[in-house]
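For reference, the structure is listed below as structure tokens.
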Amino acid sequence: MTKEEKARLKEERRKAFEAAHPELAAKRKEAEEKKNKVKDKIAKLAENAEELSLTDQEASRREKMEELRKMGIDPFGHAYKRTHESSEIFAQYGGMTAEELNEKNAEVSIAGRIMSKRRMGKLGFMHLLDRDGRIQAVVNERIVGEDIYNLFKMADLGDIIGVKGRVIKTQTGELSIEVHEYTHLSKALRPLPEKYHGLTDKEERYRRRYLDLIMNDDSRRIAILRPRIISAIRHYMDSQGYIEVETPILQPILGGANAKPFITHHNALDKDFYLRIATELPLKRLIVGDLEKVYEIGRVFRNEGMDLKHNPEFTTMEAYCAYSDLSGMMELNENLYESVAMEVFGKTDFEFMGQQISLKAPFKRWNMVDAVKEVTGVDFWQPMSVEDALKLAKEHNVEVEPHQRTVGNIISLFFDQFCEDKIVQPTFIWGHPIEISPLAKKNPDDPRFTQRFELEICGIEMDNAFTELNDPIDQKKRFEAQLEAKKLGDEEASEMDEDYVEALEYGLPPTGGIGFGIDRFVMLLTGCDSIRDVLLFPTMKPREGDSRTAEEKTEPEKSEDQGFFAPNDKIDFTGVKIEPLFADQVDFDTFSKSDFRAVKVKECSAVPKSKKLLKFVLDDGTGTDRIILSGIHAYYEPEELVGKTLIAIVNLPPRSMMGIDSCGMLLSAVNDRNGEEELHLLIVDNHIPAGAKLY
Numbered sequence: 001m002t003k004e005e006k007a008r009l010k011e012e013r014r015k016a017f018e019a020a021h022p023e024l025a026a027k028r029k030e031a032e033e034k035k036n037k038v039k040d041k042i043a044k045l046a047e048n049a050e051e052l053s054l055t056d057q058e059a060s061r062r063e064k065m066e067e068l069r070k071m072g073i074d075p076f077g078h079a080y081k082r083t084h085e086s087s088e089i090f091a092q093y094g095g096m097t098a099e100e101l102n103e104k105n106a107e108v109s110i111a112g113r114i115m116s117k118r119r120m121g122k123l124g125f126m127h128l129l130d131r132d133g134r135i136q137a138v139v140n141e142r143i144v145g146e147d148i149y150n151l152f153k154m155a156d157l158g159d160i161i162g163v164k165g166r167v168i169k170t171q172t173g174e175l176s177i178e179v180h181e182y183t184h185l186s187k188a189l190r191p192l193p194e195k196y197h198g199l200t201d202k203e204e205r206y207r208r209r210y211l212d213l214i215m216n217d218d219s220r221r222i223a224i225l226r227p228r229i230i231s232a233i234r235h236y237m238d239s240q241g242y243i244e245v246e247t248p249i250l251q252p253i254l255g256g257a258n259a260k261p262f263i264t265h266h267n268a269l270d271k272d273f274y275l276r277i278a279t280e281l282p283l284k285r286l287i288v289g290d291l292e293k294v295y296e297i298g299r300v301f302r303n304e305g306m307d308l309k310h311n312p313e314f315t316t317m318e319a320y321c322a323y324s325d326l327s328g329m330m331e332l333n334e335n336l337y338e339s340v341a342m343e344v345f346g347k348t349d350f351e352f353m354g355q356q357i358s359l360k361a362p363f364k365r366w367n368m369v370d371a372v373k374e375v376t377g378v379d380f381w382q383p384m385s386v387e388d389a390l391k392l393a394k395e396h397n398v399e400v401e402p403h404q405r406t407v408g409n410i411i412s413l414f415f416d417q418f419c420e421d422k423i424v425q426p427t428f429i430w431g432h433p434i435e436i437s438p439l440a441k442k443n444p445d446d447p448r449f450t451q452r453f454e455l456e457i458c459g460i461e462m463d464n465a466f467t468e469l470n471d472p473i474d475q476k477k478r479f480e481a482q483l484e485a486k487k488l489g490d491e492e493a494s495e496m497d498e499d500y501v502e503a504l505e506y507g508l509p510p511t512g513g514i515g516f517g518i519d520r521f522v523m524l525l526t527g528c529d530s531i532r533d534v535l536l537f538p539t540m541k542p543r544e545g546d547s548r549t550a551e552e553k554t555e556p557e558k559s560e561d562q563g564f565f566a567p568n569d570k571i572d573f574t575g576v577k578i579e580p581l582f583a584d585q586v587d588f589d590t591f592s593k594s595d596f597r598a599v600k601v602k603e604c605s606a607v608p609k610s611k612k613l614l615k616f617v618l619d620d621g622t623g624t625d626r627i628i629l630s631g632i633h634a635y636y637e638p639e640e641l642v643g644k645t646l647i648a649i650v651n652l653p654p655r656s657m658m659g660i661d662s663c664g665m666l667l668s669a670v671n672d673r674n675g676e677e678e679l680h681l682l683i684v685d686n687h688i689p690a691g692a693k694l695y
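Counting from 1, position 671 in the sequence shown corresponds to residue 671 in UniProt numbering; the numbering is continuous, with no gaps.
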């Protein structure tokens with residue numbers, strides 16, 4: 001076939017496709033037009049890049065910057081001496097009348113960002129924002145003179161200025177500064193977001209936290225409260241005789257918790273190190289060294305998913321006390337919560353996750369096995385084999401991984417699935433099975449269980465504490481059991497730490513220890529539902545293009561309007577194996593009963609306490625959200641799937657997993673590559689509407 005014949009055939013196929021699919025053809029035409037407009041825009045930008053890259057407002061602000069320079073004023077000025085912050089002015093003078101203020105004739109100097117501005121002839125008003133809040137400044141041309149008043153008129157919202165003047169109350173009763181001196185400090189070259197609609201997208205707020213802090217009083221309030229809360233924690237721990245210490249972030253051995261680590265390489269030593277997943281083992285070495293009472297507040301790092309309660313790097317406090325035990329740690333925990341709440345807020349009642357929570361000690365104690373028995377009727381106090389426990393798990397639709405095939409793990413899975421969401425008020429869940437507590441001391445009355453507790457509030461784990469295991473022989477056996485779990489696929493199992501075992505052989509006194517999640521505690525005290533709201537810089541998925549190499553950046557951008565279509569890349573399928581095709585055939589009547597639909601991902605999050613499951617909230621075209629759970633967390637992070645179009649079978653009966661009904665199944669392609677399983681979720685063209693049926 002000649003080139004001309006091929007071109008003619010291609011054109012005939014295109015016309016036939018457009019005739020059969022006029023809506024899709026129209027969308028493609030629209031996308032092509034947009035693409036051409038973008039090309040035209042790029043050409044114009046090339047002609048005059050600097051001018052066209054600025055909005056009208058930005059250009060105006062740069063002109064004013066040059067005007068300031070002509071006036072002999074540095075647009076980006078120097079230090080300014082303040083006598084007060086806004087909160088101090090309100091505290092000192094807010095209760096006075098206008099007459100009392102006139103008589104007082106108090107003069108102050110403040111500085112801040114212009115957040116609002118209005119003029120009435122020769123009288124101007126503006127609100128200045130500093131760290132503590134806003135205060136009004138009144139600029140009167142009669143007082144400051146024409147030159148200064150013109151400088152005020154030239155100012156933009158977002159500019160930073162300093163003013164000196166007299167504290168007054170206006171005719172409306174608003175506490176204000178009557179400006180006598182006006183100093184320009186810093187020019188804002190970009191306009192602030194519009195007050196009510198400019199920075200409402202949460203993702204954008206987290207990425208540009210500097211703007212969020214300017215525009216949102218609540219974000220600034222939380223940013224200021226967090227260090228006050230941490231200071232109050234230190235005050236309490238210091239008052240109890242604990243010594244604050246620092247331990248290494250780079251660790252040669254993985255230990256102290258069950259979590260997947262980040263790995264980095266030390267060039268000088270030519271050795272891989274882990275970023276610490278916990279501070280436990282170094283701190284307990286210090287107890288062996290007779291420091292007796294130690295604590296550390298610091299960052300730990302876990303290479304796991306991100307959701308409302310998890311961030312890969314987060315702040316903990318771990319504390320260890322010689323000659324203490326589980327009961328001592330419970331007392332420390334509840335007294336610490338109450339003390340910090342009273343020091344920072346002057347109260348112990350807070351609203352969290354839509355519930356009224358009391359932090360007044362003492363907290364409720366609830367044994368894990370008793371909790372499972374109370375909620376499900378299953379009695380794990382009775383001696384049973386692994387087979388018996390697996391049978392109970394199957395009867396109650398509890399999913400058990402290969403490395404979880406022990407009675408202790410199954411007890412924990414039962415608790416997670418049936419009991420955790422029943423907890424609202426602060427509750428110590430104690431008596432964890434030995435299989436899930438490699439560093440906790442056995443219960444002398446029942447060695448199947450340990451002297452361990454977790455503090456839960458609103459179904460969220462806040463703290464984790466033990467009577468510490470101080471038997472080096474038992475500890476070594478536990479490490480060996482963890483190595484076996486790792487062989488069975490538990491990526492979070494601990495490694496053997498011979499040096500720690502050796503330290504125990506020198507003698508660890510009876511010790512109580514606790515790990516305390518500071519980020520979640522701040523969430524509780526500030527009423528936040530997401531951990532990202534209490535972290536100034538939460539971990540975010542890079543924007544498209546942020547992390548590409550220079551070579552990749554030379555490739556043309558793919559427009560969203562192109563849907564899913566893109567040139568085929570050359571892909572190496574070496575080492576790939578697929579399952580054999582089924583020999584059994586399915587008749588058309590049976591196949592036609594399966595209802596396959598396109599679904600749009602509205603929300604996606606990790607299922608708490610599950611290493612595999614992601615929870616999808618889907619638009620299936622019916623107008624009612626569909627929930628589907630899928631065990632693909634090892635292959636995808638939740639945030640990368642939001643907005644995608646997937647394929648689901650929607651007429652399967654609901655199946656309960658981790659206490660959540662999953663209504664359908666998402667389709668994936670699975671293969672083996674060099675002995676490792678690969679999974680690819682079927683992500684299709686975004687032009688396909690939600691609910692479209694597959695034939």
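Where is the CB? At the ideal position from N, CA and C, for every residue including glycine. Quantities reported herein were computed from a predicted structural model and do not represent experimental measurements.
Excluding the 5 residues flanking residue i on each side, which residues of the same chain have their C-beta closer than 8 Å to its C-beta?
i      : result
Ile375 : In the sequence as presented, Ile is not what sits at residue 375; that position holds Val. Same-chain partners within the cutoff: Phe418, Cys419 and Lys422.
Pro252 : Lys271, Phe273 and Tyr274
Lys577 : Asn671, Asp672 and Arg673
Phe596 : Ile647, Ala648, Ile649, Val650, Leu667, Lys693 and Leu694
Do you know how far the Cα of residue j is from the Cα of residue i?
i      : j      : result
Glu12  : Tyr695 : 25 Å
Glu498 : His310 : 31 Å
Ile627 : Ile357 : 29 Å
Asn674 : Arg276 : 31 Å
Glu304 : Ile531 : 15 Å
Ile263 : Ala485 : 20 Å
Lys169 : Val163 : 16 Å
Asp416 : Met658 : 8 Å
Phe301 : Pro362 : 32 Å
Ala371 : Leu291 : 37 Å
Ile660 : Val398 : 11 Å
Gln240 : Ile230 : 16 Å
Gly468 : Thr427 : The question names Gly, yet the displayed sequence has Glu at residue 468. In a straight line, the C-alpha of Glu468 is about 21 Å away from that of Thr427.
Leu54  : Arg62  : 10 Å
Leu439 : Glu495 : 12 Å
Ser327 : Pro510 : 13 Å
Pro638 : Asp307 : 8 Å
Asp445 : Glu280 : 26 Å
Ser60  : Gly72  : 19 Å
Leu128 : Gly527 : 27 Å
With a Cβ-Cβ cutoff of 8 Å, do residue i and residue j count as a contact?
i      : j      : result
Leu682 : Ser630 : no
Val245 : Glu318 : no
Met329 : Gly513 : yes
Gln451 : Phe466 : yes
His687 : Lys15  : no
Ala137 : Ile177 : yes
Ser412 : Ile436 : yes
Asn651 : Asp463 : no
Asp159 : Lys122 : no
Ala634 : Lys609 : no
Leu151 : Tyr80  : no
Grab me the residues of residue i's own chain with a C-beta within less than 7 Å of its C-beta, minus the 5 sequence neighbours each way, in chain order.
i      : result
Asn105 : Arg166
Gly94  : Leu175
Arg190 : Glu58
Pro75  : Met65, Leu68, Arg69 and Lys187
Hey, does residue i have any beta-carbon neighbour from chain C nearer than 8 Å?
i      : result
Lys117 : In the displayed structure, chain C is absent; only one protein chain is listed.
For residue i, I'd like the list of residues in its chain whose CB is within less than 6 Å of its CB, leaving aside the five on either flank, ordered along the chain.
i      : result
Tyr149 : Glu141
Glu401 : none
Glu461 : Glu454
Practice problem: Counting only runs of 4+ residues fully inside the segment 406-453, write out the alpha helix (DSSP H) ranges in chain order. | Solution: Taking only runs of at least 4 residues, the alpha helix (DSSP H) segments lying wholly in the segment 406-453 are 407-414.
Exercise. May I have a chain-ordered list of the alpha helix (DSSP H) segments no shorter than 4 residues that lie completely inside the segment 318-382?
Key: Counting only runs of 4 or more, we get 326-345 and 368-376.
Quiz item: Which runs of the beta strand (DSSP E) fall wholly inside the segment 42-125 and span at least 3 residues, in chain order?
Solution: Segments of the beta strand (DSSP E) lying fully in the segment 42-125: 107-120.
Quiz item: Would you call the segment 590-609 and the segment 633-653 touching, i.e. three or more CB-CB distances under 8 Å?
Solution: Cβ pair count under 8 Å is three or more, so yes.
Practice problem: Give a yes or no on contact between the segment 535-542 and the segment 198-213, applying the rule of three or more CB pairs nearer than 8 Å. | Solution: The count of Cβ pairs closer than 8 Å, one atom from the segment 535-542 and one from the segment 198-213, reaches three, so the stretches are in contact.
Quiz item: With a cut-off of 8 Å, do at least 3 Cβ pairs link the segment 122-139 to the segment 84-91?
Solution: Segments in contact, yes.
Self-check item: Ordered list of beta strand (DSSP E) runs contained in the UniProt domain "TRNA-binding" (590-695), each at least 3 residues
Solution: DSSP runs (the beta strand (DSSP E)) wholly in the UniProt domain "TRNA-binding" (590-695): 596-606, 614-619, 625-630, 645-649, 655-657, 660-662, 668-673 and 676-681.
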